[in-house]
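In my numbering, the protein residues as written are 3 to 507.
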């Protein structure tokens, strides 16, 4: 086996934040019982929404496909347990604006009967890479680090770039979140098995598994299993405990020493990044034929009685999980899906666990922050920006809605980590302003794209009308010419007849 590498590397900016992870990692991952009802959003991924292929009243089995994607980018949805579809209707989900979304509601029968696992491939090492990719495509697997980009499409796009390295992201730099840490401790075989399957599917020789320096138990367990496998293609790498070292671009810089270009992807510099949870999900799907129907989620904060990491079926509501953990404490005031830096605040615990749910954070009231004041140009935000942007400049351009300046100063490269918010002495909500500005830029881009398509349709219509008119004119001219020729021929025939008649006389 390859020994762990302890070259921690360097990251521009970032912050050392208090972890708040001891409570949730104090006991093993807890299995949440199958609830009476599962609520499965048909869109749990980036890309095109899935479309239901089951109807109300239909009985489904665990792992059965219940929604599939028609477009080129998306991931199917599978039933998390056996039961009966009782509704397909809007339901509260963990979106940033709290909107409802279409969901398939299953009333569980308690039997948890699975579909036939005949397509499982325990001896995956003999399966051709192309077959593995096709298999992964059907498992509903997405990036479990938060972006939920469909994994199969990401792998296929990466192959066209001929990458050098696969990097598995085991870095949980955001406070409170510890689901990947516990996954690596308790399911190291699945993580490493998924890594090796990915290497075969991608036809690569090297996989780096990046683990933060504050996760010695996870690093030790991975090292033990790696020694059993005796596989030099997988290398453990330790990275510094600095937020946000788990960002894709930052991780590529720390692990491979390569800088992702502005607006680019890790594959542009020969690296493909996947989350350790994604690798474990791939292992379960390829080896056991179990699609992505559950995940480990951190449930923590001073507002929950029993902080712990749980493995829950997708579609289990937060209310069911909290109830099983003893309920809320008297301090519970705020419910956040995700971490305190990048999570989304929700107003209902009827929200279900989905593929992106890495943390359920129940907190007391948010700390009181002073009133927003004018920017004093101190530069603290620039010092901590991991993307090396100038947030103070971007702030002025967002206030002026200067799209060109925002683009030229790299707003699109902002990863919305929130570091600038924490250090701003004027309490300016920079990340929220940048998020809004990025949405506005995307909206303007969409408007321009729609206008361009409308112009193209208008021009195509005019061109078609002109061609049709030209064809009609040509046909009319041809008809007139034919008529003139016919008239001339008739006159000529009459003259010939008259001439013959005169000659006969």
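Glycine residues also receive a C-beta, built at the ideal position from the N, C-alpha and C atoms.
Would you tell me roughly how many angstroms separate the C-alpha atoms of residue 4 and residue 207, rounded to the nearest one?
-> Residue placement at residue 4 is poorly supported in this model, since its pLDDT is 47, which falls under 50; the coordinates are not used for a value here.
**Prompt:** Is the beta carbon of residue 195 less than 8 Å from the beta carbon of residue 289?
**Reply:** yes
*asked:* Less than 7 Å separating the Cβ of residue 202 from some heavy atom of the ligand ATP?
replied: Although the ligand ATP was asked about, the structure shown includes no ligands whatsoever.
Can you tell me which of the three DSSP states residue 417 falls into?
coil
Relative to the C-alpha of residue 377, which residue among 391, 362, 193, 395 is closest?
395
inquiry  = Considering only their Cβ atoms, is the gap separating residue 212 from residue 236 smaller than 8 Å?
reply    = no
Item to check | Backbone CA spacing between residue 170 and residue 446 [nearest angstrom] | outcome: 35 Å
I need the DSSP call for residue 496, collapsed to helix, strand or coil. helix
If you draw a straight line from the C-alpha of residue 421 to the C-alpha of residue 434, how long is it?
12 Å
task: With DSSP as the reference, label residue 480 as helix, strand or coil.
output: helix
request  = Tell me whether the beta-carbon of residue 209 lies closer than 8 Å to the beta-carbon of residue 197.
outcome  = yes
Margin query: So, with DSSP's three-state summary, where would you put residue 449?
Written below: helix
Report yes if the CB atom of residue 87 is closer than 8 Å to the CB atom of residue 106, and no otherwise. yes
>> When you compare the CB positions of residue 351 and residue 337, do they come within less than 8 Å of one another, or not?
In response: yes
- Query: Is the number of C-beta pairs between the segment 139-153 and the segment 267-287 that are closer than 8 Å three or more?
  - Reply: yes
Would you mind sorting residue 102 into buried or exposed? The rule is 16 or more other CB atoms within 10 Å of its CB. exposed
### Task
Report yes if the C-beta distance between residue 173 and residue 185 is below 8 Å; otherwise report no.
no
- To the nearest angstrom, report how far apart residue 418 and residue 472 are at their CA atoms. 56 Å
Q: Give the range of the alpha helix (DSSP H) segment to which residue 394 is assigned.
A: 393-401
Once you ignore the five residues that flank residue 22 on each side, which residues in its own chain have a CB closer than 7 Å to its CB?
177, 178
Just to confirm, are residue 383 and residue 393 a CB contact at a threshold of 8 Å? yes
Are the CB atoms of residue 34 and residue 319 within a distance shorter than 8 Å? no
Within the same chain, show all residues whose beta-carbon is closer than 8 Å to that of residue 18, passing over the 5 residues directly before and after it, in chain order.
243, 244, 245
> Hey, out of 424, 65, 476, 270, whose CA is closest to residue 160's CA?
Replying inline: 270
Quiz item: Leaving out five residues before and five after residue 113 in sequence, what residues of the same chain have Cβ atoms less than 8 Å from its Cβ?
Solution: 84
#### Entry: CA-to-CA distance, residue 466 to residue 343, given in whole angstroms
54 Å
Is residue 299 closer than 8 Å to residue 312 when the C-beta atoms are compared? yes
Cutoff 8 Å; reference residue 29; Cβ partners in own chain excluding five residues on either side
310
- [ ] Could you pull the start and end residues of the beta strand (DSSP E) that residue 172 belongs to?
- [x] 167-172
Buried or exposed: which applies to residue 345, given that a residue is buried once 16 or more other Cβ atoms fall within 10 Å of its Cβ?
-> buried
Rounded to whole angstroms, what's the CA-CA distance from residue 70 to residue 374? Just pull it up for me. 46 Å
For chain C, find out if any of its Cβ atoms is closer than 8 Å to the Cβ of residue 31; answer yes or no.
Among the chains of the structure shown, chain C does not appear; only one protein chain is present.
query = Leaving out five residues before and five after residue 39 in sequence, what residues of the same chain have Cβ atoms less than 6 Å from its Cβ?
reply = 109
Is it the case that the Cβ atoms of residue 175 and residue 247 are separated by a distance below 8 Å? yes
Quiz prompt | Neighbourhood of residue 486 by C-beta distance below 8 Å, restricted to the same chain and skipping five residues each side | solution = none
* **For residue 44 and residue 51, believed in contact at Cβ under 8 Å, the rounded distance** => 6 Å
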